[in-house]
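Visitor: As given, the protein sequences belong to chains A and B, one line each in that order.
Using the working numbering, read the first sequence as starting at 9 and increasing by one per residue.
Using the working numbering, read the second sequence as starting at 9 and increasing by one per residue.
Take this structure, written in structure tokens, and hold onto it; I'll ask about it next.
Number of protein chains: 2
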Amino acid sequence: MNDSDRRTASMAGSKRKDARRNQQALLDAAATIFVASGVEAPVRDIAAKAGVGIGTIYRHFPTRAELIIAVYRHQVDACAEAGPALLAASPTPHAALAQWVDLFVDFLVTKHGLAAAMRSDSAGFETLHAYFLDRLLPVCTQLLDAATTSGEIHPGLEAYQLMRGIGNLCIGADADPRYDARRMVALLVAGLRQPH
Amino acid sequence: MNDSDRRTASMAGSKRKDARRNQQALLDAAATIFVASGVEAPVRDIAAKAGVGIGTIYRHFPTRAELIIAVYRHQVDACAEAGPALLAASPTPHAALAQWVDLFVDFLVTKHGLAAAMRSDSAGFETLHAYFLDRLLPVCTQLLDAATTSGEIHPGLEAYQLMRGIGNLCIGADADPRYDARRMVALLVAGLRQPH
DNA sequence: TGCAAAGCGGAACGGTGTTCCGTATTGTTT
DNA sequence: AAACAATACGGAACACCGTTCCGCTTTGCA
């Protein structure tokens, strides 16, 4: 049993049915509110939408990061699993890296405020940062290593830095039509290429 | 008289001497506190450090953005003026652009929280964003155009996007030793280069 | 049905930005 | 010097937010 299984088990295994129901209601409400108002929406709004009290949301999700993680776990997992698949299916490792980065960027820019939240220095958000790193850093490292080995990109860049850079470039990408995060990330990845 | 002169004049021309003294005290206090606690430090702290009441800070600087701008105006102006100078002194436009970007990045990463503040969606921070754009966008555009004309970089990238990208890459650059914003920006600028 | 355990709700607290107005300071006029 | 109007000041008060805490309710079991 890994960390991921243990966390999801904590929900499925909840003893009382009202607790399970409320937790699901909170997840649904959070998902809706995150789309409408971003991941920094007031806790009270989420509790109200779910029809529960404020205490309940804190009992199920002691930190906002845990709620965000619970809401987006499936998508993050899908992104993590896409890495090896792309590597196997793409003509070159660099192509796989590029496609995977696209996936990651798409995920970030469509989740209002998520990229910013991950860089927030408020207490509790290190957890969010850590979760993304746990799940995606190994994948990114694998892709980066493959592309380095194939000689397509410069060696020496830590996957961590690349992911942070990409995350940063996605901040505020919604809400500003003049800014195209995808393009900026593409430029960054282009800068990674070995000058043939 | 341009906008910049008018704004500075609003300080020098303040009629009552206590008002002038307090405004200067606030600027000094803000500069100190910004260094110690970042540009998002509580308004009360700044007022306390300056030895004035809360009302006074709001009278002189109705929005936080105006206070930040007042504190950093000189440095932003210096950065703006460095653009043409670099263009004249550098061997190639691309070298000038690279040096200017370095200047900009240095400024951002040494001002705790400034890059993040510029991307904050709270009301009042559009002013900050707008000020930086007013002062620096023309300079960046000039450098970018020169480098495009000389054939060193791909055409078609708006200076606005480049500046936003750079600003984003600088977010949280302090407080994370594993992340090197300068390197990421260098990568971005490298991605801009015309493939020979 | 009774009862202990588990869970719930929301009042209450601390911290923050912001407004507002009675009071104090300043500069001018007499 | 004294009176006065204009200007500026201070901080109480309000609104909003995250978070904690505890009396009350619901649940599941005996």
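Just so you know, even glycine gets a beta-carbon here, dropped at the ideal spot from N, CA and C.
Since we're looking at a predicted model, the values are computed, not measured.
Distance check for A:Leu94 and A:Asp114, CA to CA, integer angstroms please.
Guide: Each residue's alpha carbon lies about 16 Å from the other.
Visitor: Helix, strand or coil for A:Ile179, going by three-state DSSP, please let me know.
Guide: DSSP places A:Ile179 in coil when its eight states are reduced to three.
Visitor: Excluding sequence positions up to five away, which residues of its chain have a Cβ less than 6 Å from the Cβ of A:Ala33?
Guide: So the qualifying residues of the chain are Ala58.
Visitor: Could you have a look at A:Arg186 and say whether DSSP puts it in helix, strand or coil?
Guide: In the structure shown, A:Arg186 sits in coil (DSSP, three-state: anything other than H, G, I, E or B).
Visitor: Any idea if B:Thr156 is buried or exposed, counting beta-carbon neighbours within 10 angstroms, 16 or more meaning buried?
Guide: Buried, since its Cβ has 16 or more Cβ neighbours within 10 Å.
Visitor: I need the straight-line Cα distance from A:Phe133 to A:Met171, nearest angstrom please.
Guide: Using only the alpha carbons, I get a separation of about 17 Å.
Visitor: Does B:Val197 come within less than 9 Å of chain A when only Cβ atoms are used?
Guide: Yes - at least one Cβ of chain A is within 9 Å of the one on B:Val197.
Visitor: For B:Ala39, collect the residues of the same chain with a Cβ closer than 8 Å to its Cβ; drop the 5 residues on either side in sequence, then sort them by chain order.
Guide: The residues are Val79.
Visitor: Could you check which residue in A:Gly46, A:Phe112, A:Arg81 has the C-alpha nearest to that of A:Cys148?
Guide: Of A:Gly46, A:Phe112, A:Arg81, the residue nearest in Cα terms is A:Phe112.
Visitor: Shorter than 9 Å from the beta carbon of B:Ala73 to some beta carbon of chain A?
Guide: No, its Cβ sits nowhere closer than 9 Å to a Cβ of chain A.
Visitor: With three or more C-beta pairs closer than 8 Å as the rule, is the segment 83–93 of chain A touching the segment 68–75 of chain A?
Guide: Judged by Cβ distances under 8 Å, the segment 68–75 of chain A makes no contact with the segment 83–93 of chain A, as fewer than three pairs qualify.
Visitor: Keeping to the same chain, check which residues put their C-beta closer than 7 Å to that of B:Arg201; ignore five residues upstream and five downstream.
Guide: Counting only Cβ-Cβ distances below 7 Å, and skipping sequence neighbours, we find Glu160, Ile161.
Visitor: Classify B:Lys23 as buried or exposed, calling it buried when 16 or more other Cβ atoms lie within 10 Å of its own Cβ.
Guide: The residue is exposed, with fewer than 16 neighbouring Cβ atoms inside 10 Å.
Visitor: Going by DSSP in three states, A:Arg72 sits in which element: helix, strand or coil?
Guide: In the structure shown, A:Arg72 sits in a helix (DSSP, three-state: H, G or I).
Visitor: If the cut is a Cβ gap below 8 Å, which residues of chain B does A:Leu188 touch?
Guide: First, the amino acid is wrong: residue 188 of chain A is Asp here, not Leu. What A:Asp188 touches in chain B: Gln169.
Visitor: According to a CB-to-CB cut-off of less than 7 Å, which residues of the segment 16–44 of chain A neighbour chain B?
Guide: Listed by position, the residues of the segment 16–44 of chain A near chain B (Cβ gap below 7 Å) amount to none.
Visitor: Are the C-beta of A:Leu136 and some C-beta of chain B separated by less than 9 Å?
Guide: Not an interface residue.
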